[in-house]
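Visitor: Sequences listed follow chains A and B, in order. Counting from 855, one number per residue, gives the positions in the first sequence under this note's numbering. Counting from 1297, one number per residue, gives the positions in the second sequence under this note's numbering. Idealized CB from N, CA, C, for every residue including glycine.
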Amino acid sequence: MKYQPLNLGRWVLWSGTALVFLAAPQLFSASFALTLMTQMGTMIIFALSYNMLLGQGGMLSFGHAVYSGLGAYLSVHALNLAGQGAFPLPLPLLPVVGGLAGLAFGILFGYVTTRRAGTTFALISLGVGEMVFACSLMFPGFFGGEAGISTNRVVGQPFLGISFGPAIQVYYLVAFWCFICMAAMFALTQTPLGRMANAVRDNPERAEFVGYNTQHVRFLQLALSAFFAGVSGALSCINFEIVSAENVSAIRSGGVLLATYIGGVPFFFGPIVGAVVFIFFVVALSGFTKAWLLYLGLFFLLMVLYAPGGIASLILLQIPVIRARRFGELLLPYALAAGAALVALAGLIGMVEMVYRLSEQGASTVLTVLELSFDARTTPPWIAFGAVLAAGLAALRQAARFVSARWDSVQQSLQSGTA
Amino acid sequence: MEFVLVQTLNGISYGLLLFMLSSGLTLVFSLMGVLNFAHASFYMLGAYFAYQVSAQIGFWPGLVFAPLLVGALGMLVERWGLRTVHKYGHVAELLFTFGLAYLIEEAVHLIWGRLAVEYRVPAELDGPLFHIMGSQYPIYRGFMMLVSVTMLVSIWLALTRTRIGLVIQAALTHPQTVEALGHNVPRVFMLVFGGGAALAGLAGVIGGNAFVTEPGMAAAVGPIIFVIVVVGGMGSLAGAFVASLLIGCIQTFAVSLDWAFGGISIAQAAPVLPYLLMVLLLIFRPKGLMGTREG
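1) How long is the line joining the alpha carbons of residue 1505 of chain B and residue 1422 of chain B, rounded to whole angstroms?
2) In this structure, does DSSP put residue 1489 of chain B in helix, strand or coil?
3) Below 9 Å between beta carbons is the criterion; list the residues of the segment 1333-1351 of chain B that meet it against any residue of chain A, in chain order.
4) Closest to residue 1078 of chain A by C-alpha separation, out of A/894, A/1018 and A/900, would be which residue?
5) Are residue 1088 of chain A and residue 917 of chain A closer than 9 Å when you measure CB to CB?
6) Is it a yes or a no for the segment 1227-1236 of chain A touching the segment 1185-1199 of chain A, going by three-plus beta-carbon pairs under 8 Å?
7) Give the straight-line distance between the Cα atoms of residue 1323 of chain B and residue 1465 of chain B, rounded to the nearest whole angstrom.
8) Answer with yes or no whether the minimum CB distance from residue 943 of chain A to chain B is below 9 Å.
9) Residue 1566 of chain B to residue 1550 of chain B, Cα distance in whole Å?
10) Classify residue 1115 of chain A: buried if its beta carbon has 16 or more other beta carbons within 10 angstroms, exposed otherwise.
11) What residues of chain A sit near residue 1565 of chain B, judged by a beta carbon separation below 8 Å?
12) Rounding to the nearest angstrom, what Cα-Cα distance links residue 1437 of chain B and residue 1361 of chain B in this structure?
13) Pull the bridge partners of residue 1426 of chain B from the DSSP assignment, please.
14) Can you look up residue 1004 of chain A in the DSSP assignment and give me helix, strand or coil?
15) Please report how far the alpha carbon of residue 1533 of chain B lies from the alpha carbon of residue 1342 of chain B, in whole angstroms.
16) From which residue to which residue does the alpha helix (DSSP H) around residue 1040 of chain A run?
17) So, helix, strand or coil for residue 1393 of chain B, using DSSP?
18) Indicate, with yes or no, if the ligand FMN has a heavy atom lying under 8 Å from the CB of residue 1082 of chain A.
19) My output table needs one value for residue 1291 of chain A: the three-state DSSP class, helix, strand or coil.
20) Just to check my reading of the structure: residue 1279 of chain A and residue 959 of chain A have Cβ atoms closer than 8 Å, yes? What is that Cβ distance to the nearest angstrom?
21) Give me the residue from A/1049, A/938, A/977 and A/1093 with the minimum Cα distance to residue 888 of chain A.
22) Alpha helix (DSSP H) containing residue 941 of chain A: first to last residue?
23) Please list, in chain order, the residues of the segment 1495-1528 of chain B that have any C-beta partner in chain A closer than 8 Å.
24) DSSP three-state call for residue 1226 of chain A: helix, strand or coil?
25) Do we get a CB-CB distance below 9 Å when we pair residue 1398 of chain B with the residues of chain A?
26) Do residue 1257 of chain A and residue 1085 of chain A have their CB atoms nearer than 9 Å?
27) Comparing C-alpha positions only, which one of A/1099, A/1238 and A/953 sits nearest to residue 989 of chain A?
28) With a threshold of 8 Å on Cβ separation, who are the neighbours of residue 886 of chain A within its own chain once the five nearest residues in sequence on each side are excluded?
29) If you draw a straight line from the C-alpha of residue 1590 of chain B to the C-alpha of residue 1583 of chain B, how long is it?
30) Using three-state DSSP, classify residue 967 of chain A as helix, strand or coil.
31) Strictly under 9 Å for the Cβ-Cβ distance: is residue 982 of chain A near chain B by that measure?
32) Does any CB atom of chain C fall closer than 9 Å to the CB of residue 1415 of chain B?
33) What is the rounded straight-line gap between the Cα of residue 1234 of chain A and the Cα of residue 1367 of chain B?
34) So, at 6 Å on beta carbons, what are the nonlocal neighbours of residue 1121 of chain A in its own chain, with the 5 sequence-adjacent residues on each side left out?
35) Could you name the residues of chain B that residue 1244 of chain A contacts, counting a contact when the two beta carbons are closer than 9 Å?
36) Quick one: is residue 985 of chain A near chain B, going by C-beta distance under 9 Å?
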């Protein structure tokens, strides 16, 4: 993960990102695509703020939803008060409220959690997360109980014709904040604090010998990360116009961990990729199948087992090969592996969906694939899908060998070429 | 008086159940450095397997087979999953078990549905064991205590009196030396992981029908046993024992007290108490009750 100072490239990259944000609603104008992209923007901020802990500070947190959730709660109350005319609050500045709330709770809880590092930190963050979630059912006045607290994002007079009622205006608000936060978090990685966080992650003992208080570095990093989490919480409050106990739950905390890890923890842009993939799973796939969490969990496990650097590392590994114009040699093994993986996936999906149809009461056990109907209560489809899965896995094993052999030979010739 | 007595007994039986869970977790943690996030999922699987077996043949075979099945599953997980990610370090191992917990919960959703299943206390253990000052004490609570204590004593004997137990104890602190003496340490890891899973499975078998067998049971008990491990001190079995009984008693007492402070009764605050205890302890004694390591 060598950092190369390519400033022209960086300008191109950031303006390109801004252009993508601007142009995306023009390209995908369906209302479904718009909600998808709005949620992706929120998730990108959340995942990047999470990676400030896990990727840059080496702190595995199981309770990050506390900061985004409490940020969302305070924003929803602020928005409701503003709606009643208690004080003027322009909607575009609501994320600042959320961020400051996140920061405040980050300072409060971070003081306790960052006293320890490593596994103990993970456990304590989990405990704090559970504590806040349990509190959410204890104080229905603030947390709104089971129903949560709903709001109306249209407050005050429209400014220049912008009322933030329509989804497209909310999208641009989220995109604006997403871009600002991305830039701010990237800038933070370049500051002395960002560098020290890396040092504390890699070798806390040595960082302490140099004269830094590792606990203090972790604390600052967590507080700042909680600020950005709060911003994302406020944006989700604007988007959904409701905040409930689910916002501070362990499900949210686990979700952001999954998203960040799938994207790629060692790289700054990893969580961005991860957030996009994760929201796709959550929003798009959950419309097709109730087993989407199973597929997401399986995908996560495969990443942990075989690609600990996430999707980002898989992309970055290809760059030197593409630069050397050798990517063509890898195309065939990649295509074969992808084909085998698809076959195995088809077998797996078939079996999972059949299990699901059998277990859910009232669901029809008859499935239709390519105009071919079959009943999950009979044996033949099980044998067929089992055979497809086994064949796919066997082919995948062969293809993986082929890929790694080709990959090794390309790498070897690349290294001997540069040496 | 009778209230205190009955609640204490309930608290101890719940605490012993918690210790069956946290002891496996602690052993695996001190031996392999892996915090097994899927530990509570093994507890849930134990309950579901026992439900399935008891629906077919009966409760008593389930009491034997379900923990064995869960233990075998645990060994498979260690052999084909954890050992693969071991080279990426402890965080990857932790994340692997975290993903596994997701997967097990979803698999339970898929196979047994989203609602609670009817896993009941067997008829011969249903009913009052004795009466104390007018209130009944159920047989099943006594049975739970009996099973937990028998299990824990046999584990203690196995750890201190048998050859494999001594190897495990040695591998806790000096894995390299044990390996140099010719013992297969990875296989010891596999056995301990499977043993911990089987213990969790057994806790599930006896806890599943005492409480409720539903897909949320892993997520409900998981954080509590992690709190126990932190409060007791990471890697300390004795600490885990004390913390289990403490938290078991706190929780059973809290839910049945209706004293109120500032509009919130203790019963309402009950779910928060273990976490509050953890946070306070961390502020005043970061090592945990009986922990030896810092950080």
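Guide: For this structure:
1) For the purposes of this step, residue 1505 of chain B is taken as residue 209 along the second sequence, with counting starting at 1. For the purposes of this step, residue 1422 of chain B is taken as residue 126 along the second sequence, with counting starting at 1. If I take the Cα positions, the gap works out to 11 Å.
2) On the second sequence, residue 1489 of chain B is found 193 positions in, with the first residue counted as 1. Note: residue 1489 of chain B maps to helix in three-state DSSP.
3) Going along the segment 1333-1351 of chain B in chain order, one finds 1333 with a Cβ nearer than 9 Å to chain A.
4) Taking the first residue of the first sequence as 1, we reach residue 1078 of chain A at position 224. Taking only the C-alpha atoms, the option nearest residue 1078 of chain A is A/900.
5) As a first step, residue 1088 of chain A must be located in the first sequence, where it is residue number 234. As a first step, residue 917 of chain A must be located in the first sequence, where it is residue number 63. The Cβ atoms of residue 1088 of chain A and residue 917 of chain A do not sit closer than 9 Å to each other.
6) The segment 1227-1236 of chain A, when compared against the segment 1185-1199 of chain A, does not touch it at the 8 Å Cβ threshold.
7) Taking the first residue of the second sequence as position 1, residue 1323 of chain B is located at position 27. Taking the first residue of the second sequence as position 1, residue 1465 of chain B is located at position 169. Each residue's alpha carbon lies about 10 Å from the other.
8) Here the question's residue 943 of chain A lines up with position 89 in the first sequence. For residue 943 of chain A, the answer is no, since every Cβ of chain B falls outside 9 Å of its Cβ.
9) Position 270 of the second sequence, counted from the start, is the residue given in the question as residue 1566 of chain B. Position 254 of the second sequence, counted from the start, is the residue given in the question as residue 1550 of chain B. Spanning the two alpha carbons is a distance of roughly 5 Å.
10) One-based indexing of the first sequence puts residue 1115 of chain A at position 261. Counting Cβ neighbours within 10 Å, residue 1115 of chain A comes out buried, since at least 16 surround it.
11) Stepping through the second sequence from its first residue, residue 1565 of chain B is reached at position 269. Those within 8 Å of residue 1565 of chain B in chain A are 992.
12) As a position in the second sequence, residue 1437 of chain B is number 141, starting the count at 1. As a position in the second sequence, residue 1361 of chain B is number 65, starting the count at 1. Roughly 21 Å separates the two Cα atoms.
13) The sequence position of residue 1426 of chain B within the second sequence is 130, counting from 1. Per DSSP, the beta-bridge partners of residue 1426 of chain B are B/1433.
14) The residue labelled residue 1004 of chain A in the question sits at position 150 within the first sequence. Of the three classes helix, strand and coil, the one that applies to residue 1004 of chain A here is strand, per DSSP.
15) If you number the second sequence from 1, residue 1533 of chain B lands on position 237. If you number the second sequence from 1, residue 1342 of chain B lands on position 46. Each residue's alpha carbon lies about 22 Å from the other.
16) In the first sequence, residue 1040 of chain A corresponds to position 186, counting from 1. Element bounds for residue 1040 of chain A: 1021-1044.
17) In the second sequence, counting from the first residue as 1, residue 1393 of chain B sits at position 97. In the structure shown, residue 1393 of chain B adopts helical secondary structure according to DSSP, grouped into three states.
18) The ligand FMN is not part of the structure shown, which contains no ligands of any sort.
19) The structure shown does not extend to residue 1291 of chain A, since chain A spans only 855 to 1273, so no value can be given for it.
20) Past the boundaries of the shown model lies residue 1279 of chain A; chain A is included only from 855 to 1273, so the question cannot be answered.
21) On the first sequence, position 34 is the one that residue 888 of chain A refers to. Nearest C-alpha to residue 888 of chain A: A/1093.
22) Position 87 of the first sequence holds residue 941 of chain A. Where residue 941 of chain A is concerned, there is no enclosing alpha helix (DSSP H), given that its DSSP letter is neither H nor E.
23) For the segment 1495-1528 of chain B, which is checked against every Cβ of chain A, the residues closer than 8 Å are 1515, 1519, 1522, 1523, 1525 and 1526.
24) Here residue 1226 of chain A refers to the residue found at position 372 when the first sequence is read from its first residue. Here residue 1226 of chain A sits in strand by DSSP.
25) Here residue 1398 of chain B refers to the residue found at position 102 when the second sequence is read from its first residue. The beta carbon of residue 1398 of chain B falls within 9 Å of a beta carbon belonging to chain A, placing the residue at that interface.
26) Taking the first residue of the first sequence as 1, we reach residue 1257 of chain A at position 403. Taking the first residue of the first sequence as 1, we reach residue 1085 of chain A at position 231. No.
27) Taking the first sequence and counting its residues from 1, the one referred to as residue 989 of chain A is at position 135. Put simply, of A/1099, A/1238 and A/953 the residue whose alpha carbon is nearest the alpha carbon of residue 989 of chain A is A/1099.
28) As a first step, residue 886 of chain A is located in the first sequence; it is residue number 32 there, counting from the start. For residue 886 of chain A, where only same-chain residues beyond five positions count, there are no Cβ hits under 8 Å.
29) Counted from its first residue, the second sequence places residue 1590 of chain B at position 294. Counted from its first residue, the second sequence places residue 1583 of chain B at position 287. Reliability fails at residue 1590 of chain B, whose pLDDT of 47 lies under 50, so the model's placement of it is uncertain and the value that follows must be treated cautiously. Straight-line Cα distance between these residues: approximately 6 Å.
30) Along the first sequence, read from residue 1 onward, the residue named residue 967 of chain A stands at position 113. Look at residue 967 of chain A here: in three-state DSSP terms it is helix.
31) Position 128 of the first sequence holds residue 982 of chain A. Taking Cβ atoms only, chain B reaches closer than 9 Å to residue 982 of chain A, which makes this a yes.
32) Chain labels in this structure do not include chain C; the protein chains are A and B.
33) Here residue 1234 of chain A refers to the residue found at position 380 when the first sequence is read from its first residue. Here residue 1367 of chain B refers to the residue found at position 71 when the second sequence is read from its first residue. A direct Cα-Cα distance of roughly 32 Å separates residue 1234 of chain A from residue 1367 of chain B.
34) Position 267 of the first sequence holds residue 1121 of chain A. Cβ neighbours of residue 1121 of chain A beyond the five flanking positions: 1166.
35) The count along the first sequence starts at 1 and reaches residue 1244 of chain A at position 390. The contacting residues do not exist; residue 1244 of chain A stays about 17 Å from chain B at best.
36) The count along the first sequence starts at 1 and reaches residue 985 of chain A at position 131. Closer than 9 Å to some Cβ of chain B, the Cβ of residue 985 of chain A qualifies, so yes.
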